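A quick write-up on the structure given underneath.
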Amino acid sequence: MLKKLLVVIPILVIFFVALAFGAQNAGQVQVNFLAFSAELSIAAVAGIFMGFGFLISLIFYFLSTLRWKLRYQRLLRKFNKLRQQNESEAKPDAEA
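Letter by letter, the sequence shown follows residues 1 to 96 in the numbering used here.
This is the structure we're talking about:
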C-alpha cells in the first residue's frame with residue numbers, strides 16, 4: 001500500500017504542476033515535424049513531450065524488469081541444480 005502511494009503521489013504532483021503550467025501558457029507555437037507542421041499551444045507541446053518521455057521511461061523500466069526476472073530465473077535454476085547435486089552427493093555419506 002505504501003509503495004503504491006509513493007508512486008501515485010509524485011505522479012499527481014507532476015500532473016498538477018503540468019496543469020498549472022498549461023493554464024499559464026496558453027500561447028500558440030509553430031511546430032515543424034518531418035512530414036507536416038502544426039500550430040499548437042505551448043501546454044499541448046509540453047504535454048506531448050512529457051507523454052513521450054513517460055512512454056520511453058516505461059519501456060526502459062519494463063526492459064530492466066524483464067532483464068532482472070530473467071536473471072533471477074537463471075540463478076534459481078542454477079541454485080536448484082547445485083542443491084540437487086549437493087543432496088545426491090550427501091546421500092551416500094548418510095547411508096555409510
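Using N, Cα and C, we set each Cβ at its ideal position, and we do this for glycine too. Since this is a predicted model, take the numbers as computed values, not measurements.
C-beta contact flag for A43 and F21 at 8 Å:
Counting from 1 along the sequence shown, the entry for residue 43 is found at position 43. Counting from 1 along the sequence shown, the entry for residue 21 is found at position 21. Yes, the pair counts as a contact, with Cβ atoms nearer than the cut-off.
Checking the sheet assignment: what are the DSSP bridge partners for A44?
As a first step, residue 44 must be located in the sequence shown, where it is residue number 44. The partner list for A44 (beta bridge, DSSP) is empty, contrary to what the question assumes.
What does DSSP give as the partner residues of A38 in its beta bridges?
Numbered from 1 along the sequence shown, position 38 holds the residue referred to as residue 38. Beta-bridge pairing links A38 to V31.
Secondary structure of M1, DSSP reduced to three states
In the sequence shown, counting from the first residue as 1, residue 1 sits at position 1. The answer is coil: DSSP assigns M1 none of H, G, I, E or B.
Alpha-carbon to alpha-carbon, K69 and V29
One-based indexing of the sequence shown puts residue 29 at position 29. One-based indexing of the sequence shown puts residue 69 at position 69. Computed Cα separation, rounded: 44 Å.
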